[in-house]
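A.B. asks:
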Amino acid sequence: MQRLVELANYMSAEFGRTLDRFGLRRSAGRTGICFDNAMAESFFGALKNERVSRVTYLTREVARQDITRYIEFWYNRKRLHSAVGYRPPREVHAEYEKLRIAA
Numbered sequence: 358m359q360r361l362v363e364l365a366n367y368m369s370a371e372f373g374r375t376l377d378r379f380g381l382r383r384s385a386g387r388t389g390i391c392f393d394n395a396m397a398e399s400f401f402g403a404l405k406n407e408r409v410s411r412v413t414y415l416t417r418e419v420a421r422q423d424i425t426r427y428i429e430f431w432y433n434r435k436r437l438h439s440a441v442g443y444r445p446p447r448e449v450h451a452e453y454e455k456l457r458i459a460a
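Residue numbers are given in the working numbering: position 52 of the sequence shown equals residue 409, and the series is strictly consecutive.
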């Protein structure tokens, strides 16, 4: 898989100045800090290990459809995630929404 947007775009001095001008905080820290993108790296690692490396895709469109199905119907709804108490993300999000609306 090829990354659509490289991190270097977000670490450039020009981009940093623009964020500073608007008082925005950078979502990524200094170059070489491995924890900045840990959640995304974990997700893509799981995606590659659990799905992409186990399937041969004949076309990009077939790959796109299969990966979308995997994310929407398995990863988000059924796969248990340790970071949220071994519950599926969809369940955690529904609980969050209930609490948010009640507040």
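Ideal Cβ positions, reconstructed from N, Cα and C, are used throughout, including at glycine.
Tell me whether TYR453 is buried or exposed, calling it buried when 16 or more other Cβ atoms sit within 10 Å of its Cβ.
C.D. replies: Sequence index remark: in the sequence shown, residue 453 carries index 96 (1-based). Under this definition TYR453 is an exposed residue.
A.B. asks: Could you tell me whether the segment 418 to 434 touches the segment 396 to 405, using the rule of 3 or more Cβ pairs below 8 Å?
C.D. replies: yes
A.B. asks: DSSP three-state label for ARG444, please.
C.D. replies: The sequence position of residue 444 within the sequence shown is 87, counting from 1. It is a strand residue.
A.B. asks: What would DSSP say about ILE428, mapped onto helix, strand or coil?
C.D. replies: Position 71 of the sequence shown, counted from the start, is the residue given in the question as residue 428. If DSSP states are grouped into helix, strand and coil, ILE428 belongs with the helices.
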